[in-house]
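From first to last, the protein sequence lines are chains A and B.
Position 271, counted from 1, in the first sequence is what numbering that gives the first Met the number 0 calls 270; the numbers after and before it change by one each time, with no gaps.
Position 337, counted from 1, in the second sequence is what numbering that gives the first Met the number 0 calls 336; the numbers after and before it change by one each time, with no gaps.
The beta carbon of each residue, even a glycine, is placed where N, CA and C say it ideally should be.
These figures come from a predicted structure and were not determined experimentally.
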Amino acid sequence: MAIFSKEEAKKILEKALGFSKAETCEINLSASNSGNIRYARNTVSTAGYQSNQTLAVQSSYGNRVGVATIDEFDSASLEKVVRRSEELAKLSPENPEFLPPLSQQKYLESKTFYESTQNISPEYRAEVAAASIEPARAKDVTAAGFLNDSAGMSAMINSAGLFAYNQSTSLEFTVTMRTNDGTGSGWVTRDVNDVNLFDGAAASQIAIDKAIMSKEAKAIEPGKYTVILEPAASSQLLGNMLRSFDARTADEGRSFMSKKGGGTKLGEKIVDERVNFYSDPQNALAPSPPWAGDGQALKRVDWLKSGVVSNLAYSRYWAEKQGVEPNPFPSNGIMEGGDASLEDMIKNTKKGILITRLWYIRNVDPQTLLYTGLTRDGTFFIENGKIKFPIKNMRFNESPIIMLNNLETLGKQVRVDGNLIPYMKIREFTFTSLSDAI
Amino acid sequence: MLPTPSMGSIISPEELLNPGLAVGQKKILADVALNSARSMGASYADARIGRYLNQYVFTREDQVQNVVNTESFGIGIRVIANGTWGFASTNDVSTDGIKKATQQAVAIAKANAKIQREPVILAPVAAYGEVSWKTPILRNAMEVPVSEKAELLLEANAAAMANGANYVNTALFMVNEQKYFASTEGSYIDQDAHRIWPYMNVTVIDPDKGKFKSRQGLSAPMGMGYEYMDPDPNETIEGLGGVTLFRNRYDLVKDATEAAEQAKQMLSAKSVEPGKYDLVLDPNHLGLTIHESVGHPLELDRVLGYEANYAGTSFATLDKWKTKDFDYGSEIVNLVADKTQVGSLGAVGYDDEGVKTKEWDLVRNGKLVNYQAIRDQVHMIDQKESHGCCYSQSWNDVQFQRMPNVSLEAGKEKYGIKDMLRDVEKGIYIAGRGSYSIDQQRYNFQFGGTVFYEIKDGEIVGMLDDVAYQSNTQEFWNSCAKICDESDYRMFGTFFDGKGQPSQVSAVSHGSSTTRFNGVKVINTGRNI
């Protein structure tokens with residue numbers, strides 16, 4: 000199915016908008032093609048290909064809003080979907096939080112699309128799987144992995160004169176390697192916009208090595224330990240923390256960002272002063288689309304600057320109510336790193352734990368952002384600057400806020416799930432029980 | 000997380016009542032797929048023509064925030080060619096569209112056959128001919144006017160606010176799966192499944208202390224029609240600590256009123272002293288523990304390693320099962336899988352590969368006796384018959400083994416909730432779901448809850464805060480000391496059991512009566528920041 004160019008998208012959207020008779024109208028167009036391959040037990044299990052295109056029309060009369068969607072774009076279909084959205088709007092209850100569409104915004108340039116990724120073939124996916132399975136089999140290891148790639152576009156137009164367009168490609172790869180005696184497990188994750196930056200065989204080798212290294216792990220007592228978190232281990236905790244930066248729930252008094260006695264923690268230092276966390280659609284290593292779903296422009300925003308909360312996210316409705324500028328949630332997160340390599344960090348650790356991954360992370364207390372979860376697929380004990388032996392997995396109960404207050408060292412950044420996250424050494428990370436899982 | 004059907008289109012409420020294609024037309028279209036697949040060299044084929052209708056109504060305080068109606072319609076075709084699965088789907092449900100998708104499915108099967116090391120072996124299944132099944136509902140939720148639903152939610156919101164809530168969100172999720180299945184085995188199965196889920200979250204705030212507490216609703220998502228929303232005192236049970244519990248009917252307004260009261264109490268509840276406690280667990284809480292510590296580890300694809308890269312594997316390995324002597328739980332623990340239970344989310348007449356559904360034992364008298372397996376898996380555990388628990392979230396996704404309803408059988412002797420208190424010196428009563436986390440082989444878990452009450456010397460002495468319990472699956476189920484009788488049996492449920500890559504969701508229920516587990520480790524989750 001076609002990934003519409005900017006000109007093609009604009010033509011379809013303008014034609015649809017031309018049919019509108021509502022007070023306001025906003026139309027979104029998106030199309031994507033994605034392919035995947037899944038393997039387990041050292042053989043391919045499933046493979047698939049999906050193609051989607053959708054046009055969604057939102058019409059409004061006063062505060063009454065209706066949305067209708069369609070996947071055919073001839074004139075008759077476009078007129079039909081616009082009429083349908085208008086009928087639905089007239090039938091809908093009033094939404095007091097509805098805001099009229101935005102006028103034209105200024106968007107930054109962001110390089111999120113690569114033809115190389117768009118052109119991935121089923122043969123390529125099978126080659127990646129084979130290059131992951133074969134070296135595993137040779138080392139008495141069993142591979143289970145998943146590769147998904149997609150190419151897509153999104154565009155929007157509205158009755159206030161706004162037009163926005165973006166194309167993007169992505170590839171995500173994960174593989175779990177388990178030793179055939181069942182005592183070791185390793186894992187790796189990779190994601191890129193440009194397939195030329197992806198090396199599935201090299202990534203798979205890391206997981207194989209970790210599986211073998213983690214064989215016959217020893218149990219240690221749960222408690223507070225210095226940990227070195229690989230970027231894939233901390234990314235979800237940091238993402239969860241960023242979600243608490245919503246101004247409305249903070250103002251309403253029901254968020255970690257709410258302050259005792261009223262107000263919010265905006266402007267307060269909440270973590271170590273070396274923590275700088277921002278979003279930036281133009282970051283070359285982890286670019287994101289330059290506009291949010293409602294057409295607001297995304298730009299570089301500091302969320303934590305020198306450990307201080309420097310911005311909260313305001314929806315258009317809440318910003319208007321509070322008399323401030325809207326500030327949409329970002330599409331990526333970048334935490335500044337340091338110069339230390341992983342080797343340096345291990346070398347400078349007297350006693351600690353190296354963690355590949357934290358898994359099944361769930362919120363325990365929204366008041367303190369306390370989360371629980373477990374280590375998985377490669378957890379190692381460090382003593383006197385060296386990795387000494389693999390250890391059994393453990394459950395943690397920890398808040399990213401406490402974690403970032405206990406920051407010891409910042410290492411180099413790595414891309415994880417479209418974000419840039421550094422290696423981190425953290426003091427007194429809290430483990431509460433042992434797990435037998437491998 | 001909200002349920003978003005893949006490729007769902009927004010439609011008007013009246014279109015939810017459109018009956019869709021007639022059964023005869025579906026048979027003709029399904030035969031196009033089956034005949035095409037055969038002529039292209041497939042040794043087996045099935046076609047699923049699906050029409051998935053959803054309606055969601057969202058409110059907060061005194062506002063209706065959104066009403067969403069969606070429809071998703073298309074066909075999924077699965078084939079075996081050269082001993083290998085192939086799958087393709089399309090929303091072009093014309094003869095040409097179906098032929099093209101079938102061709103794609105066969106091509107994928109043949110391409111993957113070259114690197115396939117484990118050819119598919121299917122367990123035999125009966126040819127059922129032309130049959131149908133429908134969820135036994137009293138009132139189709141799609142036929143109830145949106146205004147009636149919105150009024151009920153707003154009435155509940157008002158009740159919560161009048162009783163001291165600062166904020167309240169309520170929502171209704173309603174699902175209707177119209178599924179037509181046909182296979183080269185000779186079955187043509189038309190099914191109409193209905194589900195409903197009333198959601199509520201009430202929040203109270205103490206701005207001076209900078210504290211807030213939320214209390215979720217104690218409803219369960221059910222495989223029922225709108226009749227679930229009609230309160231019935233006979234379906235209401237008095238729990239411990241003044242908590243009202245619901246069985247096959249839900250009183251949203253009453254629950255909202257109590258939620259506000261209980262959320263206020265939570266603000267000043269005593270922080271738990273860590274240590275070992277006897278836990279008295281309400282079914283609306285225990286259901287999630289059953290789901291994670293019994294339902295998932297006994298999925299055969301997890302045991303065999305097919306889910307190793309995502310959800311994980313399982314501690315309940317084949318060697319343990321083969322001993323016939325693996326103590327999953329204490330002697331009173333009987334855990335059954337069931338795809339037929341009336342009112343449950345997982346109930347259907349036939350699964351998504353045309354196998355008539357049934358009930359079977361997973362754990363009997365504490366011993367592990369079976370797994371959950373489908374047609375291409377049962378030969379791996381030397382069984383001849385599929386368990387009938389194959390499911391796909393839509394026509395657009397391939398069907399695979401999914402968890403059936405997994406439930407704990409009620410105790411045999413007469414024993415009510417209040418009787419539970421008698422034998423507890425130091426315990427905690429937990430109702431409602433909370434935080435949940437378990438490792439990738441399902442050994443170590445940690446669960447929170449919605450409300451916690453301290454039990455001292457056989458009596459409830461007050462509310463507790465900051466409670467979570469940690470245990471190991473086998474240790475936990477072996478500490479199971481007492482189960483209330485059938486009169487207390489109720490279901491817990493979830494719309495969002497996730498599994499597979501690309502990930503699919505499935506709806507599943509877990510029944511039990513109030514149950515006691517002795518000497519479980521409780522931690523304090525309070526932190527000062």
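Using three-state DSSP, classify T514 of chain B as helix, strand or coil. Here T514 of chain B sits in strand by DSSP.
Smallest Cα separation from R247 of chain A: which of A:G238, A:S233, A:L265 and A:A231? With distances taken between Cα atoms, R247 of chain A lies closest to A:L265.
Does any CB atom of chain B fall closer than 7 Å to the CB of D435 of chain A? Yes, contact with chain B.
Could you say if the region 474-482 of chain B and the region 386-394 of chain A meet the contact criterion of at least three C-beta pairs nearer than 8 Å? Touching, no.
Can you check the region 409-478 of chain B for any alpha helix (DSSP H) of at least 4 residues that lies completely inside it and give the ranges in chain order? At a cut-off of 4 residues, the continuous stretches assigned as alpha helix (DSSP H) that sit fully inside the region 409-478 of chain B are 416-421 and 472-477.
Using the Cα positions of W317 of chain A and Y166 of chain B, report the straight-line distance between them to the nearest angstrom. Counting only the Cα atoms, Y166 of chain B lies some 16 Å from W317 of chain A.
Where does E71 of chain A fall in DSSP's three states? Looking at E71 of chain A - three-state DSSP - the assignment turns out to be coil, as it is neither helix nor strand.
Mind checking the region 289-308 of chain B against chain A and listing, in chain order, the residues whose C-beta falls within less than 8 Å of any C-beta there? Taking 8 Å as the cut-off between beta carbons, the residues of the region 289-308 of chain B near chain A are L303, G304, Y305, E306, A307 and N308, in sequence order.
Opposite G144 of chain A in the DSSP bridges: which residues? Beta-bridge pairing links G144 of chain A to A:Y38 and A:V174.
Between the Cα of R194 of chain B and those of B:I136, B:K417, B:G448 and B:V460, spot the shortest distance and give me the residue it belongs to. When each option's Cα is compared against that of R194 of chain B, the closest is B:I136.
So which of A:I36, A:L403, A:G410 and A:E93 has the shortest CA-CA distance to P230 of chain A? Comparing Cα positions, the closest option is A:G410.
Looking only at C-alpha atoms, which of A:R375, A:T371, A:S167 and A:S243 sits nearest to T431 of chain A? Of the listed residues, the one whose Cα sits closest to T431 of chain A is A:T371.
Identify, in the order they occur along the chain, each residue of the same chain with its Cβ nearer than 6 Å to the Cβ of V354 of chain B, setting aside the five sequence neighbours on each side. Counting only Cβ-Cβ distances below 6 Å, and skipping sequence neighbours, we find V124, S385 and G387.
Measure from the C-beta of T3 of chain B to each C-beta in chain A and report whether the shortest distance is under 7 Å. For T3 of chain B, the pLDDT reaches just 35, beneath the cut-off of 50, and the residue's location in the model is therefore unreliable, although a value from the coordinates is still provided. Any Cβ of chain A closer than 7 Å to the Cβ of T3 of chain B would place that residue at the interface, and such an atom is absent.
Along the region 105-132 of chain A, where does the CB come closer than 8 Å to a CB of chain B? Name the residues. Residues of the region 105-132 of chain A with a Cβ closer than 8 Å to any Cβ of chain B, in chain order: P121, A125, A128 and A129.
With 16 other CB atoms within 10 Å as the buried threshold, where does V22 of chain B fall? Result: exposed.
As assigned by DSSP and simplified to three states, the class of Y224 of chain A: Y224 of chain A falls in the strand class under three-state DSSP.
Against chain B, which members of the region 368-399 of chain A pass a CB distance test of less than 7 Å? Cβ contacts with chain B come from L369, T371, G372, L373, R375, N392, R394, N396 and S398.
Please list the partners that S432 of chain A has in chain B, where partner means a Cβ-to-Cβ separation under 7 Å. Within chain B, the residues near S432 of chain A are N443 and Q469.
My understanding is that Y198 of chain B touches F172 of chain B, with C-beta atoms under 8 Å, so please give their C-beta distance in whole angstroms. Under the criterion of beta carbons closer than 8 Å, Y198 of chain B and F172 of chain B qualify as touching, at roughly 7 Å.
Could you list which residues in chain B have their beta carbon closer than 7 Å to that of G144 of chain A, in chain order? Simply N308.
Contact set for Y224 of chain A: own chain, Cβ-Cβ below 7 Å, skip 5 residues either direction: So the qualifying residues of the chain are G351, I352, F428 and F430.
Measure from the C-beta of K259 of chain A to each C-beta in chain B and report whether the shortest distance is under 7 Å. Closer than 7 Å to some Cβ of chain B, the Cβ of K259 of chain A qualifies, so yes.
For the region 166-182 of chain A, which residues have a beta carbon sitting closer than 8 Å to at least one beta carbon of chain B? Cβ contacts with chain B come from T173, V174, T175 and R177.
In the DSSP assignment, find the alpha helix (DSSP H) that holds A158 of chain B and state where it starts and stops. Residue range V145 to A161 is occupied by the alpha helix (DSSP H) that includes A158 of chain B.
Nearest chain B C-beta to T42 of chain A closer than 7 Å, yes or no? With 7 Å as the cut-off, T42 of chain A counts as an interface residue toward chain B.
Continuous beta strand (DSSP E) stretch holding V293 of chain B: start and end: Run containing V293 of chain B: none; DSSP gives neither H nor E here.
Suppose you measure from the CA of Y43 of chain B to the CA of E184 of chain B; what does that come to, to the nearest Å? For Y43 of chain B and E184 of chain B, the gap between their C-alpha atoms comes out near 8 Å.
Segment contact flag, the region 95-103 of chain B with the region 30-42 of chain B, C-beta cutoff 8 Å, min 3 pairs: Note that the region 95-103 of chain B touches the region 30-42 of chain B; at least 3 beta-carbon pairs, one per stretch, sit closer than 8 Å.
Delimiting residues of the alpha helix (DSSP H) encompassing A100 of chain B: That run of the alpha helix (DSSP H) goes T94 to A112.
is_contact[P92 of chain A, chain B] using C-beta, thresh 7 Å: So, interface residue.
Would you call the CB atoms of V203 of chain B and A258 of chain B closer than 7 Å? A258 of chain B sits away from V203 of chain B, with the two beta carbons spaced by 7 Å or more.
Neighbour list for I401 of chain A in chain B, Cβ cutoff strictly below 9 Å: Correct list: R526 and I528.
Helix, strand or coil: how does DSSP classify E142 of chain B here? If DSSP states are grouped into helix, strand and coil, E142 of chain B belongs with the helices.
Spatial neighbours of M141 of chain B in its chain, beta-carbon cut-off 7 Å, leaving aside the 5 residues before and after: The residues are L15, L16, L52, Q54, M173 and N175.
Sort B:D45, B:V63, B:R374 and B:F57 by Cα distance to I74 of chain B and report the nearest one. By alpha-carbon distance to I74 of chain B, the top candidate from B:D45, B:V63, B:R374 and B:F57 is B:D45.
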